[in-house]
Amino acid sequence: MYITRRLSEYRSNLSELSQATPEGPNSGILVIQDQDPQIRATCCFNLCLVVDSSSSGLPFPQNLKLAVRFNTGGDDSTRDPIMFIPVLDKPLSSNCYYAIQRRGKHSGEASVSAKEEDIVTNCCCIRQVREAKPRQLDPYDIYQQFEIHQTKPSSRYYHATSVAPDGVPPWFLKKKEWTVEYLRSPEFELRDDAKGTDTELRSELPFIGTRVVVGKWYVPFMFVKEIEDHKDQIKTSMYYSMTLEQRWEEVFSCENHKSECCDVVVDVE
1 MYITRRLSEY
11 RSNLSELSQA
21 TPEGPNSGIL
31 VIQDQDPQIR
41 ATCCFNLCLV
51 VDSSSSGLPF
61 PQNLKLAVRF
71 NTGGDDSTRD
81 PIMFIPVLDK
91 PLSSNCYYAI
101 QRRGKHSGEA
111 SVSAKEEDIV
121 TNCCCIRQVR
131 EAKPRQLDPY
141 DIYQQFEIHQ
151 TKPSSRYYHA
161 TSVAPDGVPP
171 WFLKKKEWTV
181 EYLRSPEFEL
191 RDDAKGTDTE
201 LRSELPFIGT
211 RVVVGKWYVP
221 FMFVKEIEDH
231 KDQIKTSMYY
241 SMTLEQRWEE
251 VFSCENHKSE
261 CCDVVVDVE
């Protein structure tokens, strides 16, 4: 379960990035890129390519389409559409993410680190680590968790290391000096209205029989098990909305008509 926070809130108070997730275990924070004068956009057919003019840096937003771009030399480059989701139970300052594939035959699956011991020899007789194939997300698998590093605090270039001590990230993440492209799209739209449990509202006693929403969260699609596989699921909905409703029901009532006996006994099965 994830709550939402606006990126501008963290920029005005960087210490909040180090705060633990407020909703307890198995929770996290989705960052929403809100209005920012440092961002300029080029729009076409209702899609906006958002170009970072001075590097918004970390944390990455979750309400935009992201793609990892790496310059292989000259005008040549590679582009990998990725969904970066913060790792559960870790503060945003850890810069730890799940890297979910958004395109191709592994669409909807999580990128995985190989192990240093998985060494093979290629056709040029060069020994190298065999790259691990993406698979269904296991949020507790440290080989599916990556720590993102900036080359410099103000740099727009990144590289990633595996959270697993002997993990080797996939090629597009371990290469140094890759950049991130931003693309606005309706399917990634997130509202800043998921604030977790409203403890004050939950402690109030509503009218009997009425339903009151006392909590709201967003859940990324790979945490939800549907009949369709993740490749189809990612096309349907990126995020699911989850709410907690509270309703009080009357289980017993009794009127006392000036009776001397004031004891009430209720059988509960």
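Going by full-length UniProt numbering, 186 is the number at position 186 of the sequence shown; the sequence numbering is gapless. Glycine included, each C-beta is placed from N, C-alpha and C at the ideal position.
Using a threshold of 8 Å, state whether the C-beta atoms of residue i and residue j are closer than that.
i: A110; j: Q144; result: yes
i: P170; j: E131; result: yes
i: P81; j: G196; result: no
i: L64; j: F188; result: yes
i: F70; j: K175; result: yes
State the CB to CB distance for the pair residue i and residue j, rounded to an integer number of angstroms; the pair is presumed to be in contact (CB under 8 Å).
i: I32; j: L137; result: In fact, because the Cβ distance is near 22 Å, the residues do not count as touching under 8 Å.
i: L92; j: L205; result: 36 Å between Cβ atoms; not a contact.
i: D229; j: T4; result: With 8 Å as the limit, D229 and T4 do not qualify as a contact, their Cβ atoms being about 27 Å apart.
Compare the C-beta of residue i against all C-beta atoms of chain D and say whether one is closer than 8 Å.
i: W171; result: Of the protein chains in the structure, only one exists, and it is not chain D.
Would you mind working out which of the options sits nearest residue i, comparing C-alpha positions?
i: E245; options: Y218, E228, V212 and M238; result: V212
i: T59; options: D80, S27 and Y97; result: The amino acid occupying residue 59 in the given sequence is Pro; Thr does not appear at that position. Measuring from the Cα of P59, the nearest candidate turns out to be Y97.
i: S154; options: S253, E187, E9 and G57; result: G57
i: E9; options: M1, D34 and T21; result: D34
i: V68; options: V87, A99, L88 and D89; result: A99
i: Y218; options: S27, Q19 and T236; result: S27
i: S237; options: C254, S185, T210 and S203; result: S185
i: A194; options: T151, K235 and Y240; result: Y240
Exposed or buried, what is residue i when buried is set at 16 or more other beta-carbons lying within 10 Å of its beta-carbon?
i: Y182; result: buried
i: P37; result: Interpretation of P37 is limited by its pLDDT of 42, a score under 50 that renders its predicted location unreliable; the figure taken from the coordinates is listed afterwards. Label assigned to P37: exposed.
i: L108; result: A small fix is needed here, since residue 108 is Gly in this sequence, not Leu. When all chains shown are included, G108 counts as buried.
i: S113; result: buried
To the nearest angstrom, how far is it from the Cα of residue i to the Cα of residue j?
i: V251; j: T243; result: 25 Å
i: P134; j: P86; result: 18 Å
i: A167; j: K216; result: The sequence shown places Gly at residue 167, not Ala. If you take the alpha carbons of G167 and K216, they lie about 35 Å apart.
i: V180; j: F207; result: 50 Å
i: W178; j: Y158; result: 5 Å
i: E147; j: I227; result: 32 Å
i: Q19; j: Y2; result: 15 Å
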